[in-house]
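Counting in numbering that gives the first Met the number 0, the sequence shown tops out at residue 163, every number present. In this text, a Cβ means the ideal position worked out from N, Cα and C, and glycines have one as well. Computed from a prediction, not measured in an experiment: that's the story for all the values here.
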Amino acid sequence: MIRNAVSKDATSIAEIYNHYISDTIVTFETEIICSEDILNRISKVQSDDLPWLIAEDSSGALIGYAYATKWRERFAYRFSVEVTVYLSPKCIGNGVGSQLYDALFSELKSRSIHSVIAGITLPNPASVALHEKFGLEKVAHFKQVGFKFEQWRDVGYWQGVIKA
Numbered sequence: 000m001i002r003n004a005v006s007k008d009a010t011s012i013a014e015i016y017n018h019y020i021s022d023t024i025v026t027f028e029t030e031i032i033c034s035e036d037i038l039n040r041i042s043k044v045q046s047d048d049l050p051w052l053i054a055e056d057s058s059g060a061l062i063g064y065a066y067a068t069k070w071r072e073r074f075a076y077r078f079s080v081e082v083t084v085y086l087s088p089k090c091i092g093n094g095v096g097s098q099l100y101d102a103l104f105s106e107l108k109s110r111s112i113h114s115v116i117a118g119i120t121l122p123n124p125a126s127v128a129l130h131e132k133f134g135l136e137k138v139a140h141f142k143q144v145g146f147k148f149e150q151w152r153d154v155g156y157w158q159g160v161i162k163a
């Protein structure tokens with residue numbers, strides 16, 4: 000089931016995200032975050048009239064989330080967003096990311112969003128495949144822009160247009 004995030008989801012979201020902070024190069028955050036930090040982020044996204052969506056399994060457990068943030072603050076960028084998806088490690092590869100992005104892109108279309116952008120720490124073939132499945136194309140590659148786990152990391156940017 001896909002639904003909008005609510006405040007009670009913050010703890011489960013933090014648990015999923017903290018795995019990516021402590022165990023992967025996927026995010027450049029390096030300090031574990033608390034549920035209050037997540038709640039503030041959800042509130043910011045939703046106050047900007049953008050979606051933060053949750054995926055639950057059949058037992059009601061939160062297994063992933065996706066959201067969109069403003070690409071930039073200036074008014075001319077108002078139809079462009081950055082998209083993000085994170086899954087519980089036990090749910091990777093079973094279609095949850097695609098379900099979340101289906102719902103997210105539908106929500107963005109209903110809000111007249113035109114351009115979606117995704118930053119991906121490289122290498123990350125699974126994330127690249129997901130974004131390309133949704134029509135995003137690689138438009139930039141920044142070399143050695145992040146330093147995590149004692150190594151320099153590259154970031155690629157993928158972009159796509161939501162068809163009206």
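**Message:** Can you give me the C-alpha to C-alpha distance between His-113 and Ala-163, rounded to a whole angstrom?
**Reply:** 8 Å
**Request:** Would you check if the segment 153-160 and the segment 112-131 touch, i.e. whether three or more CB-CB distances between them fall below 8 Å?
**Result:** yes
**Message:** With distance defined between alpha-carbon atoms, name the residue in Pro-122, Ile-62, Asp-153 nearest to Val-95.
**Reply:** Ile-62
**Item:** Thr-120 versus Ala-67 - alpha carbon distance
**Value:** 17 Å
**Message:** So, at 6 Å on beta carbons, what are the nonlocal neighbours of Val-82 in its own chain, with the 5 sequence-adjacent residues on each side left out?
**Reply:** Cβ within range, chain order: Ala-67, Val-115, Ala-117.
**Item:** Simplified DSSP state of Ile-24, which is helix, strand or coil
**Value:** coil
**Item:** Expected contact under 8 Å - CB spacing of Ile-32 and Asn-17 to nearest Å
**Value:** 7 Å
**Request:** Reducing DSSP to helix, strand and coil, say where Ala-65 ends up.
**Result:** strand
**Prompt:** Which word fits Trp-51, buried or exposed, when buried means at least 16 other C-beta atoms lie within 10 angstroms of its C-beta?
**Reply:** buried
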